[in-house]
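What follows is one structure encoded as C-alpha cells, with my remarks underneath.
Numbering (this note's numbering), first residue to last: 3 to 177.
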C-alpha cells in the first residue's frame with residue numbers, strides 16, 4: 003500500500019511547492035493560443051514575445067530582424083526573420099517550477115534550435131522544422147524551471163530561412 007501511495011504523495015508535494023513558487027513571478031495575462039491545435043493549456047506571452055514592440059529587450063545577431071507580417075489569426079503585424087546562421091535571444095523571463103514548457107509559431111525552411119540560457123550556461127531544449135505555413139512548435143520542456151525561481155532567456159538559432167512569432171511560456175498552475 004505504501005508503494006502505491008508514494009507517487010500520489012510525490013505529486014501532491016509537487017503541487018504544494020509549485021503554487022508558492024508561481025507567486026514569485028509577476029502575474030501575466032493568460033490566453034489559449036494553441037487551442038485550435040487541441041492544446042488546452044493556458045500560456046503567457048514571453049517578454050515582447052509577439053514582437054510588436056520591435057523585439058524590445060531581445061538580442062538579435064547575424065541578420066535576425068523584426069519584419070512585417072505576423073502569423074494570421076491573432077499573430078499581430080510583426081514577426082522575427084531569422085536567416086541561416088542568425089540567432090535571437092529573448093529578454094529575461096521569470097520562470098518557476100510552474101513554467102514547464104515554451105511554445106511558439108514558426109514557418110520557413112530549415113531547422114530552428116532552441117536553448118535556455120541561465121546563470122551563464124546554455125542548455126539546448128529542442129528544435130523545430132520550418133514549413134510553408136505558420137504552425138505551432140511542439141511544447142519544449144524548459145528543464146531549468148525545476149531548480150528554483152529564476153530569470154532565463156531563450157535563444158533561437160536558425161539553420162535555414164525561418165520566421166517565428168508569438169513565443170509563449172506555459173504557467174500550468176494558473177488559469
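Where a beta carbon is used, it is the ideal one built from N, C-alpha and C, also for glycine.
It is roughly 19 Å from the alpha-carbon of residue 129 to the alpha-carbon of residue 62.
Beta-bridge analysis with DSSP links residue 104 to 142, 171. A straight line joining the alpha-carbon of residue 141 with that of residue 104 spans about 6 Å.
Looking at the DSSP output, residue 129 shares a beta bridge with 115.
In terms of Cα proximity to residue 82, the closest of 47, 66, 46 is 66. Here DSSP, grouped into helix, strand and coil, assigns residue 148 to helix. For residue 96, the uninterrupted beta strand (DSSP E) segment begins and ends at 95 to 97.
The beta carbons of residue 155 and residue 92 sit closer together than 8 Å.
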